[in-house]
Amino acid sequence: MRRVLLSLILFTQSALIAAASGLAFHTASFGGSRSISLSLAEGGPARDPAFDFDVVITLSEFDGGGSVLYRDGGRHKASVRCISPAMVRINSADYAIDVSMPPGADWKHDLWAALCTAPVS
């Protein structure tokens, strides 16, 4: 029963990731004239059992009017663990997530929050 419930949760979260593809989970502004946005391009259940999600992140730069100045063509992979200790893995580096941090302070926290605190119905 526990395995079925976990599979259902992961399936629901995967559907949320697919629905949120292209939506920014973190934006940083630089002097009001430029901003960098990080977005989820794709994602699903993690291959590593120590993590919950594997995702691909895209990066875009915008001018003050919202026009795209640069869109990174790279596929930046990350893994996210929701349960304690909350963590984001990029390449082989693990970054502990302070879950009490306010939104917008750190992109890794915002990635974790977008995936792990999204409402599930």
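When we follow this note's numbering, the leftmost residue of the sequence shown carries the number 46, and every step to the right adds one.
All C-beta atoms, glycine included, are put in the ideal place defined by N, C-alpha and C.
With distance defined between alpha-carbon atoms, name the residue in Leu85, Leu68, Glu106 nearest to His121. Nearest option by C-alpha distance: Leu85.
Going by beta carbon distance, what residues of the same chain come within less than 7 Å of Ile142, once the five residues before and after it are set aside? So the qualifying residues of the chain are Ala131, Met132, Val133, Lys153, His154, Trp157.
Report the CB separation of Ser80 from Ala73 in whole angstroms; it is logged as a contact under 8 Å. 6 Å between Cβ atoms; contact.
If we ignore side chains and look at the alpha-carbon of each, how far apart do Ser124 and Ser145 end up? Straight across, the Cα-Cα distance linking Ser124 with Ser145 is about 20 Å.
Quick one, which of Ile128, Gly149, Ala69, Pro148 has its alpha-carbon nearest Asp97's? Among Ile128, Gly149, Ala69, Pro148, the Cα nearest to that of Asp97 is on Ile128.
Give the single residue among Gly76, Val113, Leu83 whose Cα lies nearest to the Cα of Ala159. For the residues Gly76, Val113, Leu83, the minimum Cα distance to Ala159 belongs to Leu83.
Opening and closing residue of the beta strand (DSSP E) in which Ala138 lies: Taken as a continuous stretch (DSSP letters only), the beta strand (DSSP E) holding Ala138 covers 138 to 141.
Is the Cβ-Cβ distance between Gly110 and Gly77 less than 8 Å? No, these two residues do not count as a Cβ contact at 8 Å.
Those runs of the beta strand (DSSP E) which lie wholly inside the region 62 to 114 and span at least 3 residues: Assignment of beta strand (DSSP E) within the region 62 to 114, counting only whole runs of 3 or more residues, yields 69 to 75, 79 to 90, 98 to 108 in chain order.
Using a 10 Å radius around the Cβ and a threshold of 16 neighbouring Cβ atoms, would you call Val113 buried or exposed? Within a 10 Å sphere around the beta-carbon of Val113 sit fewer than 16 other beta-carbons, which makes this residue exposed.
Can you check which of these residues, Asp99, Phe107, Thr103, is closest to Gly118 by C-alpha distance? Residue Thr103 is the option with its Cα nearest to Gly118.
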